[in-house]
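See structure below.
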Amino acid sequence: RKEVEQDPGPFNVPEGATVAFNCTYSNSASQSFFWYRQDCRKEPKLLMSVYSSGNEDGRFTAQLNRASQYISLLIRDSKLSDSATYLCVVNRASDMRFGAGTRLTVKP
Amino acid sequence: DTAVSQTPKYLVTQMGNDKSIKCEQNLGHDTMYWYKQDSKKFLKIMFSYNNKELIINETVPNRFSPKSPDKAHLNLHINSLELGDSAVYFCASSQAGTGRWRRAFFGQGTRLTVV
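Here it is as structure tokens:
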């Protein structure tokens with residue numbers, strides 16, 4: 002079983018839609034959590050950290066459920082520019098593990 | 092100013108050759124990583140160094156040898172290159188410790204093609 006699991010998608014949604022991505026992790030010792038975004042042929046870039054109490058950054062909302070070892074990302078009012086691969090990242094000590102990523106395409 | 096820079100950006104080489112990829116970060120981070128992203132786009136950790144000390148060495152062939160001359164540099168040397176080594180290799184760095192500030196910054200990647 003992979004340490005970090007994500008639904009690979011692809012998710013194809015119209016502009017303005019709300020879309021949610023889920024991620025589960027297997028190591029209960031994991032300490033911090035992030036969502037990264039990767040555009041085609043580019044390096045991953047931090048989208049947002051995930052706080053235990055849940056956090057919001059504009060149209061993006063991240064949630065963490067430590068008991069279920071589950072992380073989510075909600076994108077509201079999708080834009081064409083949101084098209085990318087979204088990577089769930091789980092961190093402990095000097096070990097940062099990535100999920101396989103979920104591909105999102107937002108269409109006009 | 093590039094925070095994490097790796098060179099070269101593209102590398103095309105023949106099977107059996109030895110090549111190196113260099114990585115430098117100017118963020119003052121203690122931890123550096125090498126990741127491999129294959130054609131299926133999965134980003135897999137290869138190595139992690141903390142203050143020049145090897146912390147993680149995943150199941151990577153010993154043809155791959157990381158070298159950290161100081162905590163700002165982590166180079167990757169690959170011996171006897173094979174076709175299956177073709178991938179994009181990303182260097183990254185982060186601050187040590189735990190917590191949400193331990194975000195990783197990535198280099199632009201090195202696209203290695205073995206022919």
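Chains as they are written, first to last, in our numbering: chain A, 2 to 109; chain B, 92 to 206.
Just so it is clear, CB atoms sit at the ideal spot from N, CA and C, and this is done for glycine as well.
- Three or more beta-carbon pairs separated by less than 8 angstroms link the stretch 16-36 of chain A to the stretch 67-81 of chain A, which places the two stretches in contact.
- Around the beta carbon of residue 182(B), a 10 Å sphere encloses 16 or more other beta carbons of the protein chains shown; the residue is thus reported as buried.
- Annotation for residue 133(B): no residue places its beta carbon closer than 7 angstroms to its own, counting only its chain and skipping 5 residues before and after.
- No Cβ of chain B is located within less than 8 angstroms of the beta carbon of residue 27(A).
- Residue 113(B) and residue 119(B) have their C-alpha atoms roughly 17 angstroms apart.
- By the neighbour-count criterion, in which a residue is buried when 16 or more other Cβ atoms sit within 10 angstroms of its Cβ, residue 178(B) is buried.
- Shown in chain order are the members of the stretch 73-93 of chain A whose Cβ falls below 9 angstroms from a Cβ of chain B: 86, 88, 90, 92 and 93.
- Counted as a single uninterrupted DSSP element, the beta strand (DSSP E) harbouring residue 71(A) occupies residues 71-76.
- Taking C-alpha positions only, residue 198(B) is separated from residue 140(B) by approximately 16 angstroms.
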